[in-house]
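According to my numbering, the sequence shown is numbered sequentially starting from 10.
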Amino acid sequence: MSPSHDSPLRIAICGGGIGGLALALILKRFAGAKPLAVDLYEAESDFTEIGAGITLWDRPRSIFYELGLEDELKPLIRDGGLVCRKSDTPQPFVFHELTARNGTLGLPRMDTVQLLLRALSSGPGPSDLISKHFSKCLESYTQDAAGVTLRFKDGSTASADVLVGADGIGSPTRRTMFTELAARARKTDAKQAEELEKLGMPTFTGTYMYRTLIDGNKLRAISPNNVSLKGSMVFTGLEKAAITYPISPSVVNVGLIWVQPEEFGQPRQTHSVTPASKQDVIDLVKGWEDDIQKVAEEDVTKWALSQVRLPQFVDGRVALLGDSAHAMLPHIGTGAGQAIEDAYILGQLLTQPSVTASNLSKVLEIYDTIRRPIAHQASDYVDVEKLKANDKEEFKKIGREMESIWGFHYANLPREDWARAKELFDKLQLD
């Protein structure tokens with residue numbers, strides 16, 4: 010065996026959120042005898058997550074089960090699906106009940122982070138595989154035949170054979186990647202270079218989301234029969250919607266969506282998060298049914314939601330993962346799940362015994378081939394124009410369309426995507 014196969018593959022992960030931690034865990038579980046050296050760089054002083062709750066549907070849930078987390082997660086699953094109501098009329102009505110074939114599983118984001126950290130520290134796999142580094146915010150990188158050099162905002166540097174940018178919607182990894190792609194394109198096509206440069210930044214969707222967590226016991230005291238206490242709900246109105254679902258026996262996650270189409274396309278560095286008062290939300294749902302007005306009586310944060318849609322997730326020795334690659338609106342509840350699926354495919358590819366520093370760019374192309382179409386499919390399912398429907402027949406049609414869209418969560422499982430990735434990998438002529 011050549012020396013290149015004996016040397017540890019040096020993997021740098023920038024971003025210690027759900028996607029970055031999931032990748033670290035998958036590398037640990039699937040490494041086997043393959044020598045790896047994984048450095049996980051987190052910009053904050055500790056692992057943290059911005060936002061409230063996430064939903065784990067069947068696709069990402071199956072990955073967590075494969076990683077040995079089934080016993081922790083199964084008791085948290087709730088029966089039932091997603092009840093959709095037209096709520097901004099004098100006579101609110103249910104227009105569809107989406108089926109959740111295997112129940113719903115909502116988790117606070119930090120609980121998900123802690124779940125992954127526990128698995129990293131105690132689960133199967135080499136205990137010394139992952140080195141964690143805090144207060145390390147990537148500024149830029151360069152790459153050549155020898156590897157990738159990372160430059161951090163504190164002035165320090167690091168080197169790796171491969172860099173995975175799991176650094177969120179404001180990703181410095183993505184910005185650097187598309188700046189470099191634009192520089193190359195500028196030699197032959199100035200217009201293409203301009204378009205590539207823009208892709209380094211997210212695009213504002215014209216959508217705002219007011220987010221909060223509500224104490225279920227407090228809500229029950231003021232609204233004993235509130236439907237938000239019973240399961241996952243979607244309340245809809247003209248260019249507005251509210252999504253509520255329990256993420257623990259005593260906590261309800263609330264997200265109120267407000268669409269301003271004329272603001273679509275404004276450039277933003279990242280999600281703009283600002284405090285908002287409960288009066289802001291009360292005003293937005295004025296005239297809506299009482300159940301959602303009761304839920305609105307809490308202080309919230311206001312998020313300006315942006316999205317990312319890219320023509321490629323990889324360039325040479327660098328790959329993007331999660332929101333850095335495909336930030337999307339939260340309407341079908343699969344953003345975090347898509348990051349976990351990215352990690353599942355990429356992590357298994359990088360742990361294949363024949364992958365080395367000299368051939369990994371070919372391997373990253375397989376990750377791009379498999380994951381990019383699926384992530385784009387998930388993003389394409391959002392259509393806020395449907396919130397403009399008025400009568401019951403229109404909403405029944407929307408309900409049928411939503412049922413079809415929801416099939417994305419069950420159509421196939423990530424292990425089938427991995428089978429396709431492995432088939433492509435086995436056809437590679439690796440040196």
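Virtual Cβ for every residue (Gly too), placed ideally from N, Cα, C.
Remember, it's a predicted structure, so these values are computed and weren't measured experimentally.
- Message: Out of Gly164, Val171, Phe213, Gly209, which one is the CA nearest neighbour of phenylalanine 181?
- Response: The residue given as residue 181 occupies position 172 in the sequence shown. One point to set straight first is that residue 181 is proline, not phenylalanine, in the sequence displayed. Here the closest residue by C-alpha is Gly209.
For the structure I just gave you, are there three or more beta carbon pairs, one from the stretch 134 to 146 and one from the stretch 94 to 114, closer than 8 Å? Note that the stretch 134 to 146 does not touch the stretch 94 to 114; fewer than 3 beta-carbon pairs, one per stretch, sit closer than 8 Å.
- [ ] Please determine, among Gly408, Lys406, Ile383, Trp415, the residue with the shortest C-alpha to C-alpha distance to glutamate 425.
- [x] To locate residue 425, count along the sequence shown from 1; it is residue 416. Ranking the options by Cα distance to glutamate 425, first place goes to Ile383.
Looking at the secondary structure, which residues open and close the beta strand (DSSP E) in which serine 71 lies? As a first step, residue 71 is located in the sequence shown; it is residue number 62 there, counting from the start. For serine 71, no beta strand (DSSP E) encloses it; the enclosing alpha helix (DSSP H) starts and ends at 67 to 75.
Decide yes or no for the touch test of the stretch 87 to 94 against the stretch 178 to 195: beta carbon pairs closer than 8 Å, at least 3 of them.
The stretch 87 to 94 vs the stretch 178 to 195: no contact.
When the distance is taken between beta carbons, is tyrosine 150 closer than 8 Å to leucine 159?
One-based indexing of the sequence shown puts residue 159 at position 150. One-based indexing of the sequence shown puts residue 150 at position 141. Their beta carbons are under 8 Å apart, which means leucine 159 touches tyrosine 150 by this criterion.
**Report entry** DSSP state of isoleucine 383 mapped onto helix, strand, coil
**Finding:** The residue you call residue 383 lines up with position 374 of the sequence shown. Here isoleucine 383 sits in helix by DSSP.
message = Whole angstroms are fine: how far does the CA of proline 362 sit from the CA of valine 261?
response = The sequence position of residue 261 within the sequence shown is 252, counting from 1. The sequence position of residue 362 within the sequence shown is 353, counting from 1. Between the C-alpha atoms of valine 261 and proline 362 there is a straight-line separation of about 45 Å.
For this session: Along the alpha helix (DSSP H) that carries valine 157, what are the first and last residues, could you check?
Result: Here residue 157 corresponds to residue number 148 of the sequence shown, with the count starting at 1. Where valine 157 is concerned, there is no enclosing alpha helix (DSSP H), although the beta strand (DSSP E) it sits in stretches over 156 to 161.
Query raised in the report: Just how far apart, CA to CA, sit tyrosine 219 and aspartate 67?
Result: Looking up residue 219 in the sequence shown gives position 210. Looking up residue 67 in the sequence shown gives position 58. Looking at the two C-alpha atoms, the distance is approximately 26 Å.
Is the beta carbon of leucine 238 closer than 8 Å to that of leucine 222?
Reading the sequence shown from its first residue, position 213 is the one you call residue 222. Reading the sequence shown from its first residue, position 229 is the one you call residue 238. Between leucine 222 and leucine 238, the C-beta spacing is not below 8 Å.
Where leucine 147 sits in the DSSP three-state scheme: The residue given as residue 147 occupies position 138 in the sequence shown. Leucine 147: strand per DSSP, three-state reduction.
| Alpha-carbon spacing of glycine 408 relative to phenylalanine 104, whole angstroms | Against the sequence shown, residue 408 aligns to sequence position 399. Against the sequence shown, residue 104 aligns to sequence position 95. Rounded to whole angstroms, glycine 408 to phenylalanine 104 spans 6 Å at the Cα level.
Looking at the strands, I want to know which residues DSSP matches up with aspartate 48. The residue you call residue 48 lines up with position 39 of the sequence shown. Aspartate 48 is bridged to Ala21, Ser140.
query = DSSP on tyrosine 353, reduced to helix/strand/coil?
reply = Against the sequence shown, residue 353 aligns to sequence position 344. Reduced to three states, the DSSP call for tyrosine 353 is helix.
* On the premise that alanine 334 lies in contact with glutamine 316, defined as a C-beta separation below 8 Å, what is that separation, rounded to the nearest angstrom? -> The sequence position of residue 316 within the sequence shown is 307, counting from 1. The sequence position of residue 334 within the sequence shown is 325, counting from 1. Glutamine 316 to alanine 334, Cβ: 11 Å. No contact.
So for aspartate 426, helix, strand or coil by DSSP?
Start at 1 with the first residue of the sequence shown, and residue 426 comes out as number 417. The answer is helix: DSSP assigns aspartate 426 an H, G or I state.
Go through its chain and collect everything with a Cβ distance to alanine 191's Cβ below 7 Å, but skip five positions before and after it. Position 182 of the sequence shown, counted from the first residue, corresponds to residue 191. The residues are Ala202, Leu205, Glu206.
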